[in-house]
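In my numbering, the protein residues as written are -18 to 341.
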């Protein structure tokens, strides 16, 4: 009898644990996203600053309980790229070297240093310099690539942080391969992929943004839950630019808004309306965007044909839905495989007419 009572007690404890684990929310900071395969949160509010040095970036990430991002798998690297593609700005990586003469790179969080996911930038040869050097992600006109940089430089450098959830939860060891496009992220609670390569464009109209999203098999983002809104905000906080929402009104006189994908219009319950500019009823089609009015993130309505400082974020169903399989962290995806080279090239790019150029 005592054995049965003991067994029953253990069973209840396990049941309570599983209910808690299944229903607990991965509590990340506001505007951060959660990646189940790693058990970490990703994001940053650093877009409010124009540029940041590697050391200041790391100090800021530590205030959130984490570090500058590092990658241990292709899936994690894809997630990090989803932030890069929004702002298309040079981004610090949590890897540094105190003296390039010894060729030894160190990670800020103790992870294995592996540059296998993409190639090194090749636009301009790099010359050996003394002192500490730090790794960044950039774009050299061909593709996303690695470069090394003086750690005290803040020239067009942004930061993405990686930190454990505020409430710790077990990570998933069997992530699913959802087949999102390169530079897009997957949100399990909605079953959708999110992202855009809009960082290549300075601004875009609502109609053109929706056309691009449709060419990717989706639409402009809409919001159906607070969890989804937090995920969308994680992109906004990187670029810190006004962003189109997939909601419009053909005539504000009727006060009726419609969503581009048929979802219920409830966006106003997730944040307030902007109050820095009075709203007036205009004729013609009006579209919804969200931005920052100096107090918090807020919604505003805008002429749909304007492109003034407006960026886009798309939402699309995955290209492939495969059953969960165990990911091999040591295996690199063929599309990320770097060019064969026995020596790690020490290369970076110099300034060009593009703002996302890498600097030495």
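Don't be surprised by glycine CBs; every beta carbon is placed ideally from N, CA and C.
Check, Outcome
"Inter-residue spacing [alpha-carbon to alpha-carbon] between residue 131 and residue 240", "47 Å"
"DSSP state of residue 61 mapped onto helix, strand, coil", "helix"
"Three-state secondary structure assigned by DSSP to residue 294", "coil"
"Residues near residue 171 in its chain [Cβ-Cβ closer than 6 Å; skip 5 each side]", "209"
"Selected residue, minimal CA-CA separation from residue 136, among 293, 40, 117", "117"
"Where residue 238 falls: helix, strand or coil (DSSP)", "coil"
"Inside the stretch 120 to 149 only - beta strand (DSSP E) runs reaching at least 3 residues", "125 to 131, 142 to 144"
"Span separating the alpha-carbon of residue 282 from that of residue 79", "50 Å"
"Cβ-Cβ distance between residue 363 and residue 176 below 7 Å", "No information on residue 363 is available, as it lies outside the stretch -18 to 341 that the chain covers here."
"Helix, strand or coil at residue 36 according to DSSP, with G and I counted as helix", "helix"
"Whole-angstrom distance between residue 294 and residue 128, CA atom to CA atom", "27 Å"
"Sequence-distant residues of the same chain with beta carbon closer than 7 Å to residue 73, five excluded per side", "35, 38, 49, 115, 117, 138, 140"
"Reference residue 342, options 16, 201, 89, 12, closest by Cα", "Outside the shown range of the chain (-18 to 341) lies residue 342, about which nothing can therefore be said."
"Supposed contact pair residue 58 and residue 98 - C-beta distance, whole angstroms, cut 8 Å", "4 Å"
"Residue 9 versus 143, 122, 197, 121, residue with shortest Cα-Cα distance", "143"
"Backbone secondary structure at residue 43 - three-state DSSP", "helix"
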